[in-house]
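Each remark here refers to the structure printed beneath this line.
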Amino acid sequence: MSRIESERDWIEWVTAKTRRRDARVLVGPGDDAAVLRPAGSSQEIVVTVDSIVEDVHFDGSATPYDIGWKAMAVNLSDVAAMGAVPATAVLAIGAPETWSADALQDVMRGLIAAADAYAVSVVGGDFTASPRGLHVTVTLIGETRGVSPVLRSGANPGDALFVTGPLGGSITGSHLRFRPRVREGRILAERHGATAMMDISDGLGIDATRLARASGCELRIESALVPVSEAAAALARTSGRTPLEHALGDGEDFELLVTLPTSVSEQALADPDLTGLTPIGRVVEGSGARLVDADNERNLEEYGHEHSIRHG
Ligand SMILES: [Mg+2]
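Here this note's numbering is used: the first residue of the sequence shown is 240, the next is one more, and so on.
Now the structure itself:
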């Protein structure tokens, strides 16, 4: 690759550089988490890492507690997307001098509250100065406990497509203190045989496109079925965009996008532990993700955020 311009280019470049034969690595870069089987173990673990950075993932309106919560919760969401059980975490914080000890303690209080809420032990970390902007990085390990991890690549033509809750408008607040779908992800994997799953971090449009690409299928999403959050509807009153456009493109929803065999769809929709589960479309032969209605269809790839990489 000659030029790296996006997060996707970056992941492809690193994946090529790090690819090697290693029996412990069942899934490498490119999914919500890596899947490993430590030598001598009969069980797999999943590992993920995510950073949140001041003025990229939060701004001055976020409380320190919420920043800490989010730093843990984004990682919990990735473990949830594998159908695994979150277990242990290590973290790294880079803090500028402008951040007081009190404020940093509040960051840690939020982070530990999120860890406690999901029975995660924080087992180590690193603290460093930062010349500009706070950043908090968490590495989270999850346990599969006898349930095969659900990858992005497992969707099959004929499967039905679902999300676990309403989308859009997260910028109005829900992108900070959200509840990662750990319980729902585990139930979808263990009880209902989910074939593919990921969390919606960058927007349904681009994330559905990624799942389609990984599975080698086409996802067809019916526009009338996409659950639109109240926040998306409220934003649309002033943004000049429609509620649906917010639902497709805002991102940081941290709901799960999941495919199930049609034979178990009804049973999953009737599961009292999956009250937010909403059918939005289906998987067919082909490629890409499309939004369809009665007389129109369009590609979904343009809806969502991909972090760009600047050349200096
Ligand atoms: Mg993810």
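Positions of the beta carbon are idealized from the N, C-alpha and C atoms, including for glycine.
Tell me whether the beta-carbon of F401 lies closer than 8 Å to the beta-carbon of P511. Sequence index remark: in the sequence shown, residue 401 carries index 162 (1-based). Sequence index remark: in the sequence shown, residue 511 carries index 272 (1-based). No, the Cβ-Cβ distance between F401 and P511 is not below 8 Å.
Where do the N-terminal and C-terminal ends of the beta strand (DSSP E) with P482 fall, by residue? Taking the first residue of the sequence shown as position 1, residue 482 is located at position 243. Per DSSP, P482 belongs to no beta strand (DSSP E); it is in the alpha helix (DSSP H), P482 to G488.
Please confirm whether V583 and L315 have their CB atoms less than 8 Å apart. What is shown of the chain runs 240 to 551, which leaves residue 583 out entirely.
Excluding five sequence neighbours on each side, which residues of the same chain lie with their C-beta closer than 6 Å to the C-beta of G488? In the sequence shown, residue 488 corresponds to position 249, counting from 1. Within the same chain, and ignoring the five residues on either side of G488 in sequence, the residues whose Cβ sits closer than 6 Å to its Cβ are G442, G444, Y542 and G543.
Tell me whether M437 counts as near ligand 1, meaning its Cβ is closer than 7 Å to at least one heavy atom of that ligand. Position 198 of the sequence shown, counted from the start, is the residue given in the question as residue 437. Yes, the Cβ of M437 comes within 7 Å of a heavy atom of ligand 1.
Look at the Cβ atom of L350, then the Cβ atom of A310, and state whether they are nearer than 8 Å. To locate residue 350, count along the sequence shown from 1; it is residue 111. To locate residue 310, count along the sequence shown from 1; it is residue 71. Yes, Cβ-Cβ distance for L350 and A310 is below 8 Å.
DSSP state of D341, grouped into three classes? By 1-based counting over the sequence shown, the position of residue 341 is 102. If DSSP states are grouped into helix, strand and coil, D341 belongs with the helices.
Could you tell me if F417 is buried or exposed, where buried requires 16 or more neighbouring beta carbons within 10 angstroms of its beta carbon? The residue labelled residue 417 in the question sits at position 178 within the sequence shown. Buried, by the Cβ-count rule.
From what residue to what residue does the beta strand (DSSP E) around V286 run? As a working mapping, residue 286 is identified with position 47 in the sequence shown. I284 to V292 is the extent of the beta strand (DSSP E) around V286.
Between A273 and ligand 2, is the CB less than 7 Å from at least one heavy atom? Only ligand 1 can be found as ligands here, which leaves ligand 2 out of the picture.
Is the beta carbon of T287 less than 8 Å from the beta carbon of V253? Residue mapping note: residue 287 aligns to position 48 of the sequence shown, counting from 1. Residue mapping note: residue 253 aligns to position 14 of the sequence shown, counting from 1. No, they are not a contact pair.
May I ask whether a heavy atom of ligand 1 can be found less than 7 Å away from the beta carbon of A323? Taking the first residue of the sequence shown as 1, we reach residue 323 at position 84. No heavy atom of ligand 1 is found nearer than 7 Å to the CB of A323.
Does R259 pass the burial test, meaning 16 or more other C-beta atoms within 10 Å, or should it be called exposed? Against the sequence shown, residue 259 aligns to sequence position 20. With fewer than 16 Cβ atoms within 10 Å of its Cβ, R259 is classed as exposed.
For S504 and Y304, I'd like the C-alpha separation in whole angstroms. Walking along the sequence shown from the start, residue 504 turns up at place 265. Walking along the sequence shown from the start, residue 304 turns up at place 65. Each residue's Cα considered, the two are about 38 Å apart.
So, at 6 Å on beta carbons, what are the nonlocal neighbours of V361 in its own chain, with the 5 sequence-adjacent residues on each side left out? Here residue 361 corresponds to residue number 122 of the sequence shown, with the count starting at 1. These residues qualify, in order along the chain: A328 and A354.
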